[in-house]
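Visitor: Submitted below is the structure of interest, expressed as structure tokens.
Numbering (our numbering), first residue to last: 726 to 856.
As structure tokens, then:
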């Protein structure tokens, strides 16, 4: 079955899909080994554009940045060349995005030393100091 490209960005999407041979390029970033033969080797996700999966329906691959942390916003991703994008099935894409969001929540905010108040602390005065 032929999957039609999206209305916006069709040439870019088509170039990414051609580079990926219309197959999901996930090699374990989603947390799965993608190992249908159970050989305990990391393999590429078997899902292809147009495949039908029960409960999900027809698979339509997503073109997303290879570096989703630094280039994940839509404006940056739309301006990237096809070699910097990767084709992912919706399941792998969603799992990778959830893992990134979970890691962002667990990362403490950076400390800004400019506003560190340790240098402004004053020891409490005693009665002898007042004289």
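The C-beta atom is built at its ideal place from N, Cα and C for all residues, glycine as well.
Please read all numbers here as calculations on a predicted model, not as lab measurements.
Which of helix, strand or coil does DSSP assign to residue 785?
Guide: If DSSP states are grouped into helix, strand and coil, residue 785 belongs with coil.
Visitor: Less than 8 Å between CB atoms is the rule here; does residue 818 satisfy it with respect to chain B?
Guide: Looking at the structure shown, chain B is missing, and only one protein chain is on hand.
Visitor: In chain order, what residues of the same chain lie with their CB nearer than 7 Å to the CB of residue 825, ignoring the 5 residues before and after it?
Guide: Result list for residue 825: 793 and 794, in chain order.
Visitor: Are the region 788-807 and the region 769-780 touching by the rule of at least three beta carbon pairs closer than 8 Å?
Guide: No, they do not touch.
Visitor: Which partner residues does residue 777 have in the DSSP bridge list?
Guide: The partner list for residue 777 (beta bridge, DSSP) reads 783.
Visitor: Helix, strand or coil for residue 772 per DSSP?
Guide: In the structure shown, residue 772 sits in coil (DSSP, three-state: anything other than H, G, I, E or B).
Visitor: Can you give the beta carbon distance from residue 745 to residue 803, rounded, assuming they're within the 8 Å contact cut?
Guide: Not really, about 18 Å apart at Cβ, beyond 8 Å.
Visitor: Check for me: the alpha helix (DSSP H) holding residue 737 runs from which residue to which?
Guide: First-last of the alpha helix (DSSP H) with residue 737: 735-744.
Visitor: For residue 793, name the three-state secondary structure that DSSP assigns.
Guide: Residue 793 falls in the helix class under three-state DSSP.
Visitor: Which partner residues does residue 812 have in the DSSP bridge list?
Guide: 788, per the DSSP bridge assignment.
Visitor: Using the Cα positions of residue 729 and residue 831, report the straight-line distance between them to the nearest angstrom.
Guide: Computed Cα separation, rounded: 39 Å.
Visitor: Which of the three DSSP states is assigned to residue 748 in this structure?
Guide: Looking at residue 748 - three-state DSSP - the assignment turns out to be strand.
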